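Protein chains in written order, with the numbering used here: chain A, 167 to 426; chain B, 27 to 670.
Here's what the structure looks like:
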């Protein structure tokens, strides 16, 4: 391990609030001598500390676990949500991915349904709204049967887990030309709809969550698959096809509880 | 005040049943008249809020993140224990109870631990019913794996993301109750004060992190589910936002803080790579099943390519010192041994703060023995994570690891009902001290958080509310207004100093972390602790003189948030050192260098220290007052832990 450092040409989006105008600011003078072993957020920490020392207000960005699982962090880095490395959140992206002298533009996840709070921080509460519409299996605490009562084929459990691995960061929305949250919504639907426990509410859940998705102002899916490419957990767009199929069944058969 | 655990007596198997029958109930129609505040939405908070809302109580839930789904329970990797005995390998409720008491080195309450083991089975049922996709066998039934400190396979897991899946389960239950209108959810709100009047917790003061607005919320009871204080060490495996503020505010309002010196340092984390390091990432302990730990015998080889160092020039120190367990010694022993190697100058990796803090974890032999494919099958995702962070491929060059602060067994004192000594203030999950004694076993944190939230608080809350009735203090009362005023003053003081100050809050936090790792970390001694007790107040004075905060208190201000949290850590740190100094014995994760057995293990002093140390705040800059709750061991015989 060596002590490699790089100098960056760093431009960061600054915006005071949801309705204020924003623009890129050049912070290259604070982004010199950055260790290539630092993470992207540690680079921003360093820039912030240097800015503060100059009396300049630090850049606001969301972050928490810094190990790629909480889904808090996320910025569009040179046009790509979470930056250039595949299946990597912003906090897990490290500066060795960049060349000395690299030009880096950092901006927030942009979507009508994700209003900007400040600088790089956006309001993703519309994701919570989608889950509240039906992203659960109704089971009161204490009323569960024994856990081994229902055998679940390993393949179904594994496929459900692949969908459940979503961290709710919103990169899929930022990557989509339609600002659609179809991948997020479909992943939660697949997680629950593929399990035996999820069958009772399957079609109602599908209709209600997709309705909540549309109501929140997210666009529709037109199969660009940019979401899958940007997803830090590599969630497959196959799940969107699955959700559409369930929605079709729900609508045509009335299994969503509207007709029966 | 004498501390009453309120733990039932009699046959341990029947205590919880008997207690449940003895507790008062609130009739279903009356539950809707009661309001309960839940602070924190991790496993304990989300499960408690959802469960109490299902029962009919009106819940207000608060979290500092932008969504309740992001609480740090989400980062737990390994698994959750339950005494299901699906493996038919001899497990039972009694064995889980026994292992947990022994693992905690006989410093926990038997009644609590037994209840934890009892409800562990219900947690798995509940999680599966919610759709938590635990790993399964080909026959479709649940799979288990074994974990440290146990000889049975009782750990349920969902890949390396068990915490995430359990939290998403609790979050989904919470979301359902939010949609049903039974939970009012306040995201990006941080609790800054507890409202107490006539000895009863009446509500909290929160700050809206987006606008800086302060608000008082009152309720009939308050539940703190705000996690541990591992970030007192600055570098830890906790999320950046994890803090002690909610617990500390409650402590200053009268709640006793129990066993603050019991902190767990996890042996296998990725070491710091430079001064900019902001947190440490845990690598699953399972790696020690196949990796061999070593350092070069000659410190000059520290920067040499490790693969070029010949066998005879390597010191496999765990295998040398602990021939029977080798690389699989318990967490605390592995951590201390790594620290010793580095303190003695044998560390590897980059110089950080004048020291090389890393040891090698080498898979070359395992790859030779089993093939690279087989090793990648077992640890592929961990190897990828390691490579992403360090840029090194563990198949080509050994990993570097170092211990990091991970979990805190200490916390606010609670009785058997999870209520603190302040009436109406309940504390759940990692934030309380209750179940892990002086050391927590792997896969037991998730179990405790969910046990408290799903299956304990639902009963004890009813019992409390039936006894005391409605709280008549409202948000516009003088008690509530006074609490808001106190927070306003604290913030304006900070801002006033901050405008002139020149040192970033993180800088103070880093200094505090170094102090704590040095003097109150993996091993402690009286001289070091006394030194820390001199240095921490000095650092605190410097903080209150020179901390820099740009901007104001009435807007989104992350420097202010950070400064407020560091201020509380600076006070907690001192209490931790008092506690560590008072506990003149070694037990579990609390290792006093003065008390070592011949075989190098922790030497307990049961005669004098079989008690819970519950500390009362007695004013700023005054020494805290110690209260003792003595511990009785009727079922598990006091014996020395041995893993040789």
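Glycine included, C-beta positions come from ideal geometry on N, C-alpha and C. These figures come from a predicted structure and were not determined experimentally.
Buried or exposed: where does residue i fall if 16 or more other Cβ atoms within 10 Å of its Cβ makes it buried?
i: residue 116/B; result: exposed
i: residue 278/A; result: exposed
i: residue 500/B; result: exposed
i: residue 189/A; result: exposed
i: residue 543/B; result: buried
i: residue 384/B; result: buried
i: residue 379/B; result: exposed
i: residue 319/A; result: exposed
i: residue 307/A; result: buried
i: residue 168/A; result: At residue 168/A the pLDDT is 47, less than 50, meaning the model places this residue with poor confidence; the figure from the coordinates comes in the next sentence. Classification for residue 168/A: exposed.
i: residue 247/A; result: buried
i: residue 425/B; result: buried
i: residue 47/B; result: exposed
i: residue 426/A; result: Below a pLDDT of 50, predicted positions are generally treated as unreliable, and residue 426/A, at 47, falls in that range; the measurement from the model is reported next regardless. Exposed, since its Cβ has fewer than 16 Cβ neighbours within 10 Å.
i: residue 175/A; result: exposed
Using DSSP with H/G/I as helix, E/B as strand and the rest coil, what is residue i?
i: residue 373/A; result: helix
i: residue 222/B; result: strand
i: residue 168/A; result: Note that residue 168/A scores a pLDDT of 47, beneath 50, so its modelled location is shaky; the value from the coordinates is reported in the next line. Three-state DSSP puts residue 168/A in coil, outside helix and strand.
i: residue 672/B; result: With chain B covering only 27 through 670, there is no way to say anything about residue 672/B.
i: residue 676/B; result: The requested residue 676/B does not occur in the structure, where chain B is confined to residues 27 to 670.
i: residue 278/A; result: coil
i: residue 419/B; result: coil
i: residue 184/A; result: coil
i: residue 259/B; result: helix
i: residue 252/A; result: coil
i: residue 91/B; result: coil
i: residue 265/A; result: coil
i: residue 639/B; result: strand
i: residue 426/A; result: With a pLDDT of 47 at residue 426/A, under the threshold of 50, the predicted position of this residue should be treated as unreliable, though the coordinate-derived value follows. Three-state result, residue 426/A: coil.
i: residue 181/B; result: strand
i: residue 139/B; result: helix
i: residue 653/B; result: strand
i: residue 274/B; result: helix
i: residue 374/B; result: coil
i: residue 307/B; result: coil
Tell me which residue opens and which closes the beta strand (DSSP E) that residue i is part of.
i: residue 361/B; result: Segment 357–369 is the alpha helix (DSSP H) holding residue 361/B; no beta strand (DSSP E) there.
i: residue 65/B; result: 61–65
i: residue 272/A; result: 269–273
i: residue 86/B; result: 84–88
i: residue 290/B; result: 289–295
i: residue 452/B; result: 451–453
i: residue 563/B; result: Element bounds for residue 563/B: not the beta strand (DSSP E) but the alpha helix (DSSP H), 552–572.
Cα-Cα, which of the options is closest to residue i?
i: residue 376/A; options: 230/A, 407/A, 204/A and 362/A; result: 407/A
i: residue 479/B; options: 39/B, 197/B and 174/B; result: 197/B
i: residue 155/B; options: 296/A, 357/A, 387/A and 285/A; result: 357/A
i: residue 321/A; options: 428/B, 177/B and 160/B; result: 160/B
i: residue 222/B; options: 244/B, 240/B and 202/B; result: 244/B
i: residue 355/A; options: 345/A, 374/A, 342/A and 343/A; result: 374/A
i: residue 389/B; options: 380/B, 382/B, 374/B and 399/B; result: 399/B
i: residue 259/A; options: 339/A, 206/A, 243/A and 200/A; result: 206/A
i: residue 420/B; options: 313/B, 32/B, 562/B and 466/B; result: 313/B
i: residue 208/B; options: 75/B, 401/B and 489/B; result: 75/B
Is residue j closer than 7 Å to residue i when the C-beta atoms are compared?
i: residue 372/A; j: residue 413/A; result: yes
i: residue 362/A; j: residue 166/B; result: no
i: residue 335/A; j: residue 240/A; result: yes
i: residue 219/B; j: residue 162/B; result: no
i: residue 131/B; j: residue 614/B; result: yes
i: residue 58/B; j: residue 36/B; result: no
i: residue 286/A; j: residue 302/B; result: no
i: residue 216/B; j: residue 235/B; result: yes
Taking 6 Å as the cut-off, is the CB of residue i close to at least one heavy atom of the ligand ZN?
i: residue 144/B; result: Within the structure as shown, the ligand ZN is missing, as the structure has no ligands at all.
Could you pull the start and end residues of the alpha helix (DSSP H) that residue i belongs to?
i: residue 249/B; result: Here residue 249/B belongs to no alpha helix (DSSP H); instead the beta strand (DSSP E) covers 247–250.
i: residue 485/B; result: 483–494
i: residue 428/B; result: Taken as a continuous stretch (DSSP letters only), residue 428/B belongs to no alpha helix (DSSP H), being part of the beta strand (DSSP E) at 425–434.
i: residue 242/B; result: No alpha helix (DSSP H) contains residue 242/B, which is instead part of the beta strand (DSSP E) from 240–244.
i: residue 439/B; result: First-last for residue 439/B: undefined, no H or E at that position.
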